[in-house]
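Residue numbering for the sequence shown follows our numbering, starting at 1251 and increasing by one per position.
All C-beta atoms, glycine included, are put in the ideal place defined by N, C-alpha and C.
Please read these numbers as outputs of a predicted model, since none were measured by experiment.
For reference, the structure is listed below as structure tokens.
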Amino acid sequence: DPPDKLFTVHGLWPSNFNGPDPENCKVKPTASQTIDTSLKPQLEIIWPNVFNRADHESFWQKQWDKHGTCGSPTIIDKNHYFETVIRMYITEKQNVSYILSKANINPDGKGRTRKDIQIAIRNSTNDKEPKLKCQTKNGITELVEVSLCSNYFGKNFINCPNKTPGKTRYSCPTNDIHY
């Protein structure tokens, strides 16, 4: 999000170590519940719709429908899904902007090495490997997404499975990555 240059939550997605990640799972009867209004102020900060700041709720609903519904039995219902995101971001220290700033990696226009970025993240995640995505525009490669992975209960970091393979449009080079 260029105006902010902060990493925010993109989603909480169940995953498989082998095969594709689950999507659009069968919905339980409680899935039609509305999002608890007390959660919305925190979600607007940590999980905004960066493409339409006036409509966060449709983005959150889309994430719940596509990914949250696959979190059962760990995720009980829609509000538990969003409460889990808030807990993981705040109390489980998954604020990537803060993690990078502790290692003096800031959105200052300086190119960084992939190794420096990975070490900074590993130092805050019990030495667990993140998944990085980069994108090159106008000759400048930017770090656009960092996936932090946790165990089944969302309590402990794990090495991220299903890393971006080889050379893809989201591969991060070894040097000159901007944030």
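Assign residue i to buried or exposed, taking buried as 16 or more other Cβ atoms, counted over all protein chains shown, within 10 Å of its Cβ.
i       : result
Phe1257 : buried
Gly1361 : exposed
Tyr1348 : exposed
Gly1318 : buried
Ile1452 : With the chain running from 1251 to 1429 in the structure shown, residue 1452 is simply not present.
Pro1323 : exposed
Tyr1369 : Correcting the residue identity first, residue 1369 is Ile in this sequence and not Tyr. So Ile1369 counts as exposed.
Gly1389 : exposed
Whose C-beta lies closer than 6 Å to the C-beta of residue i among residues of the same chain, with five residues either side of it excluded?
i       : result
Lys1401 : Contrary to the premise, residue 1401 reads as Asn rather than Lys in this sequence. Contacts found: Ile1408.
Leu1262 : Val1335
Met1338 : Gln1344, Gly1404
Gly1321 : Pro1264
Phe1309 : Asn1299
Val1346 : Phe1257, Val1396
The alpha helix (DSSP H) that contains residue i, what's its start and end?
i       : result
Ser1308 : 1306-1316
Asp1366 : 1364-1374
Thr1334 : 1328-1340
Pro1444 : Absent from the model: residue 1444. The displayed extent of the chain is 1251 to 1429, so no value can be given.
Tyr1348 : 1346-1352
Could you tell me which residues DSSP pairs with residue i in its beta bridges?
i       : result
Leu1382 : Val1396
Thr1391 : Thr1386, Ile1427
Phe1407 : Ser1400
Leaving out five residues before and five after residue i in sequence, what residues of the same chain have Cβ atoms less than 7 Å from its Cβ?
i       : result
Thr1375 : Leu1398, Phe1407
List the whole-angstrom C-beta distance separating residue i from residue j, where the pair is believed to meet the contact cut-off of C-beta under 8 Å.
i       : j       : result
Cys1384 : Tyr1420 : 6 Å
Thr1391 : Pro1411 : No, Thr1391 and Pro1411 are not in contact; Cβ-Cβ is about 24 Å, not under 8 Å.
Asp1315 : Asn1274 : 7 Å
With a threshold of 8 Å on Cβ separation, who are the neighbours of residue i within its own chain once the five nearest residues in sequence on each side are excluded?
i       : result
His1306 : Lys1290, Leu1293, Glu1294, Trp1297, Pro1298, Asn1299
Ile1427 : Gly1361, Arg1362, Thr1363, Arg1364, Ile1367, Cys1384, Thr1391, Glu1392, Leu1393
Thr1287 : none
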